[in-house]
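Each remark here refers to the structure printed beneath this line.
Residue numbers (the numbering used here): 151 to 289.
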């Protein structure tokens, strides 16, 4: 798994609630950071998940490969970098990494996401406007 190049970046501050008894970010919270960055990436191109839900469209994680490389601590200022590695008709693969201010990678993940019809719970095509936006070379 390669580090994600600079596509979309979203800042994260580590709060007390994010840490475990050892004072480092609890592992499952990295997944929350990744999810929030993907949501903010959608929002940055004018897509509201609420609007998608009104159309019975949703994105669901179907696979995740994750490497925890180094822990983050309380008050650390981090950045989640997100790029699209693969775009298909009804799915996409994100490469994501969380870096510290020195650009050292703390955690990285490859996340495969499927677009589904929420009523039928079956795959459906990614809406054309989103597909076109995500097919741009700078994503």
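Glycine is no exception: its CB is placed at the ideal position from the N, C-alpha and C atoms.
Check, Outcome
"DSSP three-state assignment for residue 161, whether helix, strand or coil", "strand"
"Touch test, the stretch 198-206 against the stretch 229-246, Cβ-Cβ under 8 Å, three pairs minimum", "no"
"Alpha-carbon to alpha-carbon, residue 214 and residue 260", "6 Å"
"Buried or exposed (CB count within 10 angstroms, at least 16 for buried), residue 228", "buried"
"Spatial distance of residue 209 from residue 251 (CA atoms)", "30 Å"
"Extent of the continuous alpha helix (DSSP H) to which residue 182 belongs", "177-194"
"Host alpha helix (DSSP H) of residue 234 (start-end)", "Segment 227-237 is the beta strand (DSSP E) holding residue 234; no alpha helix (DSSP H) there."
"Nearest-angstrom beta carbon gap, residue 231 and residue 247 [assumed within contact, 8 Å]", "5 Å"
"Three-state secondary structure assigned by DSSP to residue 248", "strand"
"For residue 168, three-class secondary structure by DSSP", "helix"
"Inter-residue spacing [alpha-carbon to alpha-carbon] between residue 170 and residue 280", "37 Å"
"C-alpha gap between residue 195 and residue 282, whole angstroms", "11 Å"
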